[in-house]
Structures are given as C-alpha cells and as structure tokens.
Amino acid sequence: MTFGRYVGNISSRFDATELMAQLASVPQWLDAGQVLPLSDGHDQVLKSDLVMGGQAVSVAIKVFGRQSLFKDWFDRRNGSKAARSYHAGAFLYQKALGTAEPIAWLDRWDDGRLVESYYLCIHVAAPCFRDALIQIYEQEQNNAGMMALLHKVAPALRRLHEAGFMHGDLGNQNILVPKSSAGTYLEPLFIDLNRSQYASAPLGDRERAHDLARIALPGAYLDIFKMIYNHHQNLPEPLAWLEKKARKRFWGHRRRSRFRHPIRFLKRLRQGQPASPYPSDKDLWLWDEKTAQPVVVLDRSEKRRLRSPRDIAITLFRGVMASPSLYRRYRRLLSESYSKPVTLKNRFGVALHPRTEYVEQEWALLKALGSPPVLLRFCHHETPEDWQAGIALVERLYREKIPVMVKILQDRQAVLNPVSWRAFLRMVVGAVADKVSQIEVTHAKNRSKWGVWTNREFKALMQPVLELRHEFPRVNFVGPACIDFEYLAVLSGLADLPKGLHLNGLSHLMYVDRRGAPENKQGGFSTVEKSALLKAIADWSSRVDSKVIVSEVNWPIQGAGLWSPITGTYEKAEWRRDAPGETELDYANFMLRFLALTVCSGHVSEVYWWRLSARGYGLVDDQNGFAPRPAFTALKFFLHLLGDAVFVKKHDTPEDRYLLEFTQGARRILMAWRVSGEQPLDGFGPFDQAWDAFGAAIERPVFRASPTYYCVEGAVDGSRDLCVSG
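Counting along the sequence shown from 1, when you hit position 59 you're at 734 in the working numbering, and nothing is skipped either side.
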C-alpha cells in the first residue's frame, strides 16, 4: 500500500480517506499539529491527534531514526522496524494479548536507504512498568501496590509466551500498566515490538529466558515474579538455569556500556544523570501492613554485596574482646537462675495497634485481660494523623493509670533525611515523655530490611536521643533493640551509641527459634540461656543499666497465609501445602512457658507480647471480627491468677519438666508443664484447686505441654513439700 511517497500498511478499522491523506504527508502533519514528545533519543515517540470522521483520535507515533547501510540492507529484506512493530502489534491485538491498537506503518526509501520510518498506534495514557515501580519505591513504599503490580504483569507475560510470542526487548519501560478509575491495575500492554518473534506454538525455554532476563526487579521480588509467571511454582529446569545465564549475560553487557560508549557515559556523568532510574538497592524500603514489618526486598547475594566488610570486622573484634568477661558473667547468672523471688506485677504487657478501627475493640480486650502494661509503636513512615492517634491512645492509657512503653521505629527515609527523623523523635518524645515508662528508639538495626545498613547509620539515628536525654532527663530510654539470637549486634549497637548516651535498659526483640518450643536449644542455648546471656551483656556494658526488656516476642500462627510474618508478601506453593508456624494451641502453650521462663529465671524484667490483635501472630484474629484465640484466654487466666503473685522457687525436676512455685497472699500456686507428651505429676500432695491453661478445672495433677496450675491454701512454711519423681 502506498501513501504518497510512503509505502506501508494501515489497519482496516482506520482505512479512511481523510486518514490516508494525513498519513501521506506525515512531516507536515506533525509540524502542523499539537505534538507532545513522549520519549527522546535516536528513536523518538511522539503523541499527536489524527482526525477521523471529524473526531480527534490520540495516537502515539514511533519515529525511527536513520540507521547504518547494513541495517537498511537487512530491513529491505526482512521489513523495517516500523513494519515489524505493526505486524507484531496486530498479532497481539487480534489475540487480545495486550498491546496498544496498531494503526499503520509507513516507510520512505530513497536509493536503497530508509530515510523515514513511522509506526502509529492508539495512544494509551498509562505509566510503564518502570515508572510504576519508581512510584512504588519512592512514594508509596508499600508492598500491597507492588504485589498487585506483579500479579498483573507476570501472568500477562506468561500468556504472551504460551501464545508463541517472544518480545525480544522486554525492558520494564516496554510494558504499560494502565489503571482503572478505581485505581486497580488493568491488563498490561506490551509496546516497542520491533525485535519480537512469534509463531503458533508456545515458546521454548531459551526464548522464555531471553524475555525474563530483562525484567528489572530486586532479587526477592524477582523470585516472586518468576514464581507467579510459572503458575506459582519455581521455574523448572532448564528454564531456571537458562534465565540465570541470560540475566548474567544481559546485565553484564549493560554494565559494560561505559566502556563501549565512553563519550555517552561521560556526558551523562557531567549532566548528573544516575546510572539507573531506580533508587539504589540500599534505599529500597517497602512496608507490608499485613505483617506490620518491612518486606525483604533483596536476595541474599544482593545483601551480602552491600554489607560493610569493615563493620563486620569491627563487630567480630568487639565480640572477641568482650567474650572472656561476658562468659564469666553468663555462667554466674545462669547458675543463679530461679534463685531469687520475682514480683510479677506489671512484668507482662501486650502491644496495641493505635488505628481508629482497632482502638475500641482492643480497649475492651485489654480490659478483659486486666489492663496489663501496653506497648505502642510510632513509625517514621506513617502519617501525622497516625502519630496523633498514637499520642491520643497514650494519653487515654495514662489517664487510666495503665503503664505504657513506646517504641519509635525508623525507615530508610529516617536515615536519608536526618532532619525529618530528628523532628519526628522530638514530636513523639515531647508528647509522651511524662506519660510513659520507657521509650525504645530504633528497631532491629541488625536487619537491613529495617533500613539500617551500617554502624555509622545507626549511630546517626541515635544522635538525637542524646539531645532529648538532656531535654527530658526523666525519660527512660532503652535499646539498642536488636532482633533474634544475634548478640554480636547487641554488643556493637551498645558500642556505637553516641558518646555520653547511657540507656536505662537493654531492650531486645526476642524472636528466637520461633518455629519451636521455647525450651528448644539453638546452638546450645534455650530461652533461659539466651536470656541469661542478654543479662550478662547488660551487666557487662557501661552504656546501659543492668535491666533486660523483651520488647517484642510472638510465634507465627500456622495457616495465616499472607498475614504470617514468616510467609508474608507471597505464599509459596510449598507453604500452602505445609504451612509454617504453630497451631493456635501450641502458640498459647509456648507463650505461657516463655513468659514464665524469661521473668521467673530472673534474667528479664519485662516482656511485651506482639501483638494483641493480628491475624498472623496475635492473641486475637483481627480479620475475623476480633475473635479471641486460645492464647488470649490463656493469657487472661495467667494474668488473673499470677499477675500480682511472687515467684519463689523452681522445684527440681527432670530436664524436660518444669514446676514453678508462686505465692499470692496465703496461697501457694504451682505452674507445671512438660516440653512434650503427658505424664502424671507423681507424688503430688493434696491441692485445693487445679486448672488447665485456660482456667477450666482439672481433677488430677499432670505434666503436659499445656501448663497446668495448682492452688494450695496455707502458709508457705514447707509443711506441704512437693515430691516430683523422674
């Protein structure tokens, strides 16, 4: 088909005389119309209007630049880029596989050279995948939007491949992701199709790998993308190997472009253009509201590459230097476990979620527990409205004389924008200083997903606390709030505190071996040994008072899916078959045993349960009408029975059994459990009352995984000693 000086083709839907007349003089038409550049470079994309039937139709015009003699020779025999784009677009559009509707292609040849070449399609006002990702990374910073995007793009690419279509240049910029008026993602559209190949049969592994290798995502999300692509399974072999090989080759080639095009590289360097449009890997930080934590964005190799060897060496050196003194203190403290009376009042707290839709529900639940101490988080990434809601809840708790501990959590922006972090700290501390028992600043600095990559960054985050310490001398600041059984990080965190800053307690997030019983050993350390070692660090360090606070702990609930802190983000197929986490009954049992072990051993002063209501890990299921779980009932009875009691001794028992004794006025109360299985509590003297973990009466004394309680009236004078046989 010819259009004046041009050869080409036009879709039958647009085959109108007035349209053909416009296409016959493309340069003049573009000069006369309203033209908006959509991209620059050698090949430009412009937006303009075609007139059909008196109506303006917005179109995108790909203007291909002049090319080498060899490429002209190739295109003369195989079709120009414009022609190839048109035919590929027609293939996709006819099969409803997602592309902007093709209109026409036009070429002008002169003496064997391609001097003008255009591809026209309907303009779709939509961001590309790359720009949508940048929006999520830099502004939304939310996992929900990211997952919604991946769940649209990955299946669309799979359908493309199953239809026999290989894009050939599938950069993120070549996938449009339109949205509905409600803000949900619609089906993606694939553009820039001149390198594509297509056939009637599904693609082979090599062609699939070629396209997949060009998708740019951080490692953890890339793994998810590939699983979604492959029907929520890991890529099979050899596709997985081919994709990895193709990715290494392609991105290695991209990184070496500075050597192939040094002038272009230096020009961009002078203009201050970043090497990548995305934030650096260190600065990627997305929040997952379902699990109330940041998402692990990078894979292990990416994280290893970004860690500071210097910090690792310093941390190891500090651990080596502290080890002899710490070991002596640890052995002494461990030998003293359970040797001193412990008053339990206000030792056990729960975390609330200060959101409008939670406050009244959780207030009633808190009252049902007997109004124990409360933990509240304030997060830098949240809104001022969220912060004010938290402050209002602190004030309400203060009026009710309920003790409150506040945690102040950073995000990556807190590191990058210290002015904002400083103002946030001052606002929160100033509002709650006289109403809370203690304030923990920073969170899990030994987990890069929380936004802290180096010792220097942690120190900078803690610097404003030194100023606030002088301004609010009565506030008890605690930290360094590291997580898990990684006590080298605790030592390093204490050493990196700003000079002159002394903490009033060592707080720690004791998510240690959450996939088993608290008595289980990890490297020879059960909960009691871990608690004793933390206490030894607090005793040893001159930067903190000798007081240990477990500021967060829980076990994940089995079958919680995307709400589980283990699975979160994306639930793998094997996790649906064999869900990680604990049953609700085990969760309740482990909680009671953890509370007793940590505090009654004398090593931990306070424990805060994270969280009162959360589907994946809470005492109450917030996604099921705030329905209490067995753990809620168990904690309610535990606090009712022992909340103001005094622990007095641990009876001698075989290693897998525990029998703790408490006093409450004239009563002796015994708490008994076994790590697993069930066995009668032999030699037990007469008791007045006995209950299971949930407050129901029982008739015979027993050791089992679920703790039981026994009340003996009378003075604690040893006249009714217990005999526990092996």
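Backbone N, C-alpha and C fix where the C-beta goes; we use that ideal spot for every residue, glycine too.
query	result
Span of the alpha helix (DSSP H), counted from its first residue to its last, around Pro1155	Where Pro1155 is concerned, there is no enclosing alpha helix (DSSP H), although the beta strand (DSSP E) it sits in stretches over 1152-1158.
Ala823 and Tyr860 closer than 8 Å at C-beta	yes
Beta-bridge partners of Asn684, as assigned by DSSP	Trp780
Close beta carbons around Arg834, own chain, < 7 Å, minus the five adjacent residues each side	Leu772
Strand pairing of Lys1324, partner residues [DSSP]	Glu1336
Boundaries of the alpha helix (DSSP H) in which Cys1275 is found, first to last residue	1259-1275
Check whether Val1377 and Pro1355 have beta carbons under 8 Å apart	yes
Residues near Val1090 in its chain [Cβ-Cβ closer than 6 Å; skip 5 each side]	Gly1126, Glu1132
Option in Trp1230, Leu1181, Phe1160 with minimal Cα separation from Val1203	Phe1160
Helix, strand or coil at Asn1121 [DSSP, three-state]	coil
Paired residues, beta bridge with Pro969 - DSSP	Trp962
Enclosing beta strand (DSSP E) for Gln1298 [first to last residue]	Counting along the chain, Gln1298 falls outside any beta strand (DSSP E), and DSSP gives it neither H nor E.
Euclidean distance between Cα positions of Asp1171 and Phe992	14 Å
Proximity winner among Ala988, Phe1313, Asp724, relative to Leu1019 (alpha-carbon distances)	Phe1313
Simplified DSSP assignment, three categories, for Thr1031	helix
The segment 984-999 contacting the segment 1164-1184, beta-carbon criterion three pairs below 8 Å	yes
Cutoff 7 Å; reference Gly1401; Cβ partners in own chain excluding five residues on either side	With a pLDDT of 44 at Gly1401, under the threshold of 50, the modelled position of this residue cannot be trusted; read the value that follows with caution. Here the set comprises Pro1329.
The segment 1231-1247 contacting the segment 956-968, beta-carbon criterion three pairs below 8 Å	yes
Three-way DSSP call (helix, strand, coil) for Ser1095 in this model	helix
Lys1076 burial status per 10 Å Cβ neighbour count (16 or more: buried)	exposed
Nearest candidate by alpha-carbon position, reference Leu1178, set Leu1184, Arg1149, Ala1254	Arg1149
Straight-line gap, Arg982 to Met821 (C-alpha atoms, nearest Å)	25 Å
Test: Gly1180 CB closer than 8 Å to a CB of chain C	In summary, chain C is missing from the structure at hand, where a single protein chain is found.
Length of the line joining the Cα atoms of Arg623 and Ile866	Not covered by the structure: residue 623. The range shown for the chain is 676 to 1401.
Simplified DSSP state of Asp1392, which is helix, strand or coil	Bear in mind that the predicted position of Asp1392 carries a pLDDT of just 42, short of 50, making it unreliable; the figure below should be weighed with that in mind. Three-state DSSP puts Asp1392 in coil, outside helix and strand.
Continuous beta strand (DSSP E) stretch holding Gly1180: start and end	1180-1184
Pair within 8 Å by beta-carbon distance, Ala1064 and Pro1016	no
Alpha carbon of Leu1397 to alpha carbon of Gly1352, nearest angstrom	Only weak support exists for where Leu1397 lies, its pLDDT of 48 falling under 50; the value from the coordinates is given anyway. One C-alpha to the other measures close to 22 Å.
CA-to-CA distance, Val1069 to Lys1110, given in whole angstroms	7 Å
Close-in-space but distant-in-sequence residues of the same chain around Glu1281 (CB under 6 Å, 5 per side omitted)	Arg1022, Ile1224
Contacting residues, own chain, Cβ-Cβ under 7 Å from Trp657 (five flanking each side not counted)	Since the displayed the chain opens at 676 and closes at 1401, residue 657 lies outside it and no answer follows.
Beta-bridge partners of Met841, as assigned by DSSP	Gln872
Distance, Pro1139 Cα to Glu1094 Cα	Checking the sequence, you will find Val at residue 1094 rather than Glu. Taking the straight line joining both Cα atoms gives about 10 Å.
Bridge-paired residues (DSSP) for Ser792	Asp782
Sufficient close CB pairs (3 or more, under 8 Å) joining the segment 774-786 to the segment 678-690	yes
Beta-bridge pairing of Glu1115 - partner residues as DSSP gives them	Lys1082, Val1153
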